[in-house]
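In what follows, a single structure is set out as structure tokens and then discussed.
Number of protein chains: 2
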Amino acid sequence: MAGVTERMLALLATLQSGHTFTGPELATRLGVSARTLRRDITRLRSYGYPVHTQPGPGGYYRLATGAALPPLTFDDDEAVATLLALAALAARTPTTDQTGPAGRPGAVRDAATRAYGTLDQLLPARLRPRLVALRASLEASAFAMPPVSAEHLARLGEAIAAQEVVTFGYTDAGRARTERRVEPYRQVHHLGQWYLLAWDAGREDWRTFRVDRMTDLRRTHRPYTPRELPATSALAYLREGLQRDRHPATLVIEAPAEAVLEVFAFDDVTVEPLGPDRTRLTVAVDSWHRLLLGLAFLDADFSVTTAPELAEPFGVFGARLLAAAGSGTSAAAP
Amino acid sequence: MAGVTERMLALLATLQSGHTFTGPELATRLGVSARTLRRDITRLRSYGYPVHTQPGPGGYYRLATGAALPPLTFDDDEAVATLLALAALAARTPTTDQTGPAGRPGAVRDAATRAYGTLDQLLPARLRPRLVALRASLEASAFAMPPVSAEHLARLGEAIAAQEVVTFGYTDAGRARTERRVEPYRQVHHLGQWYLLAWDAGREDWRTFRVDRMTDLRRTHRPYTPRELPATSALAYLREGLQRDRHPATLVIEAPAEAVLEVFAFDDVTVEPLGPDRTRLTVAVDSWHRLLLGLAFLDADFSVTTAPELAEPFGVFGARLLAAAGSGTSAAAP
DNA sequence: ACAGATGCGGCCAGGTTCCGGCCACATCTG
DNA sequence: CAGATGTGGCCGGAACCTGGCCGCATCTGT
């Protein structure tokens, strides 16, 4: 709590992200009580910033666009966060997928690597030693991901802002290539992937596309009239769509809900406590392997309530494990 | 003159023009004494604003915006990559853990949110519209992670650069809290977590610590003489054993060596072909879970030749899988 | 229709911060 | 060297900020 003004600037920077925040959330971030936050918001309004609010459940604070902000700079923490974010992004390794059309120029990962190296040139000199030291101390593990073109994401962003139809070639999971003509609405980040939510003019329906699977992305400069989104948020729609392709499964696990949640934190799951040591887990995974890993970590009994297709791989692999366990014990006496 | 904050914002707005102003002039504009103006300038500087001044006749105050920077600035792709990286980092949600004392100040996530909102102001005006459009088009899914302190990471980075012993309190997975005194070497990013690789002076051995589990991190200003790292990279060490005990194990897998190598590419393994469809795998894993995942993906029979300690978990988990597989088939008709 | 979540603003007591004035000093121009 | 201008320490009184508590308004979901 170092001064009102600093906090106000932090509040502005936070709201400028364009997201919505609840009161308690903002108060926590700024390290003040909810009451003081309300006062800060009032103050912000008195200075002319258009802060929209919504009471009731799902209430929020949001900064309307178009506000002329004071010049904002990075403080230490922001510089550190930026460096870390870039480090994590730069650590991505292109999947050993088919190399495709001569590598993708302007891959986000490469740009992140370059930015990671030169970030300190951009920032005030006083942050430099800190960043240099930090960068020298970091190491990041590779994380296989299909390469995404920064140019594509930027171009889509502009098309969305301009409400302009775009066209591209799309290679779906089955390797079938089609030409698309869509009205783009949102770009959604989910589990390391970037998706585009758009109205597909050819199919006359909402679709999500993986940005990394697009080629020949072109803006047409032809405007479209916005439609109402098919869900409260693009993310919600994306989730629904992804679940459709995947295998939703429901399991009952003999472990506390917190433990289950911790193990599956990375995934798209719903956790529902059934008792102190019993939890229902609903999960949509693209393969049963990831599920397996989580279950192994939990070290608890479980049963599959829906998703009979899991029975076979679970049975086969369980048998293999038992066989290996048997062969192991025969030789040794620790 | 209604409050400090408003005056500070007015001061910023005034200085933002890029012109120079004398002290008395600014003081008059803001309606305060020259003394107070100096204090305001000091405050601005403490927030990170580069306010240039010049004493003597013709002296001035001037805000050095990002204009006069070295030629090395961000290009389009780098700016886009930075924005995306921050978006992903800002999307993190603190785990419901909440053990800590009511919110950790300086959480990386909060800083990332602010930086995400602010980034366009730091970059050349040319890039700004592009970034604004891009940011408005993005949405990111929440990602539960324990909050990490930016301050801790930065401080550790500096201690590593200075080769300085640090002390901290550490709460391990079992919630036991201990005081540590270590020689820090590297910070490693792995699956969304930050780890510190250090020589634990008390334990006389190498250890890895999760940065989010540290409290009261302090630099001692006591230098240490560097030791040879226990592995070629900190990451390799981390992979070998996140916990202290690493169990080397040897397995024979009924699959081609290339397939095995691909699955275990990121781990520290030795692969030795025994035949066209038979491979010996030597692996040092901290826990059997990771091994399990690889084996599941391989979809091949295997046997454990050394490492009897694997027999029990494999047996237990195999039995659980079989039980679940049985229960699944019995109930489902669809 | 009701309960609960969420935002709003009044009131108050305590303490932190801010303010203006004064001064000695550093730095630079002419 | 003189004067203009920025710097920062010190001080006492005043202004402001903060957190807690309250009752109220608004909205969602059951």
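Protein chains in written order, with this note's numbering: chain G, 1 to 334; chain A, 1001 to 1334.
Just so you know, even glycine gets a beta-carbon here, dropped at the ideal spot from N, CA and C.
Partner residues in the beta bridge of G/T270, as assigned by DSSP, are G/T282. For A/P1223, the uninterrupted beta strand (DSSP E) segment begins and ends at 1214 to 1223. The C-beta of G/H152 comes no closer than 7 angstroms to any C-beta of chain A. Under the DSSP assignment, A/V1080 falls in the alpha helix (DSSP H) whose first and last residues are 1076 to 1090. Excluding residues up to 5 positions away in sequence, D120 lie with their Cβ nearer than 7 angstroms to the Cβ of G/V132 in the same chain. The three-state secondary structure of G/S137, taken from DSSP, is helix. When DSSP assignments are scanned along the segment 1 to 40 of chain G, no uninterrupted stretch of beta strand (DSSP E) that is 3 or more residues long falls wholly within it. Note that the C-beta distance between G/R186 and G/A259 is not below 7 angstroms. A/L1156: member of the alpha helix (DSSP H) spanning 1150 to 1162, first to last residue. Beta-bridge partners of A/T1306 (DSSP): A/T1250.
In the same chain as A/G1106, and ignoring 5 residues on each side of it, the C-beta atoms closer than 6 angstroms to its own belong to S1149, A1150, E1151, in chain order. Distance from the CA of A/E1204 to the CA of G/L134, rounded to the nearest whole angstrom, comes to 25 angstroms.
Separation of the CB atoms of A/A1088 and G/A111 is rounded to 14 angstroms, and the pair is thereby denied contact status at 8 angstroms. A direct Cα-to-Cα measurement between A/A1296 and G/P24 gives close to 43 angstroms. Going by beta carbons, G/P50 and A/Q1016 fall outside the 7 angstroms limit. Along the segment 1111 to 1142 of chain A, the positions whose C-beta sits under 7 angstroms from a C-beta of chain G are A1111, A1112, T1113, R1114, A1115, Y1116, G1117, T1118, Q1121, L1122, R1130, A1133, L1134, R1135, A1136, S1137, L1138, E1139, A1140, S1141, read in chain order. Approximately 33 angstroms separates the beta-carbon atoms of A/E1139 and G/V252; this is outside 8 angstroms, ruling out the contact. DSSP, read as helix, strand or coil, puts G/A324 in helix. Rounded to the nearest angstrom, the gap between the Cα atoms of A/A1159 and A/A1115 is 25 angstroms. A/P1055 sits in coil when the DSSP states are folded into three classes, being neither helix nor strand.
Assignment of A/A1234 by DSSP, reduced to helix, strand and coil, places it in the helix class. One Cα belongs to A/F1317, the other to G/L321, and the distance between them is close to 8 angstroms. For the segment 216 to 235 of chain G, the beta-carbon criterion of a distance under 7 angstroms to any beta-carbon of chain A is satisfied by S233, A234, L235. Comparing C-alpha distances from A/R1213 to each of A/F1168, A/T1005, A/L1197 shows the shortest one belongs to A/F1168.
Beta-bridge pairing by DSSP links A/H1289 to no other residue. The DSSP-derived three-state label of G/F264 is coil. A/G1003 is classed as exposed because its beta carbon has fewer than 16 other beta carbons within 10 Å across all chains shown. At a beta-carbon threshold of 7 angstroms, the residues of chain G lying near A/E1006 are Y47, ordered along the chain.
Approximately 5 angstroms separates the beta-carbon atoms of G/T282 and G/T250; this is inside 8 angstroms, confirming the contact. Judged by their CB atoms, A/P1273 and A/A1257 are nearer to each other than the 7 angstroms cut-off. Taking a contact as a CB-CB distance under 8 angstroms, the pair G/W206 and G/Y237 counts as one, their CB atoms being some 7 angstroms apart. Taking 8 angstroms as the cut-off between beta carbons, the residues of the segment 55 to 78 of chain G near chain A are T65, L69, P70, P71, L72, T73, F74, D75, D76, D77, E78, in sequence order.
Residue burial annotation: A/S1046 is exposed, with fewer than 16 other C-beta atoms found within 10 angstroms of its C-beta.
G/A154 sits close to A/R1130, with the two beta carbons spaced by under 7 angstroms. DSSP places G/A198 in the strand class (E or B) of the three-state scheme. Residue state for A/Y1049 is assigned as coil, using DSSP reduced to three classes.
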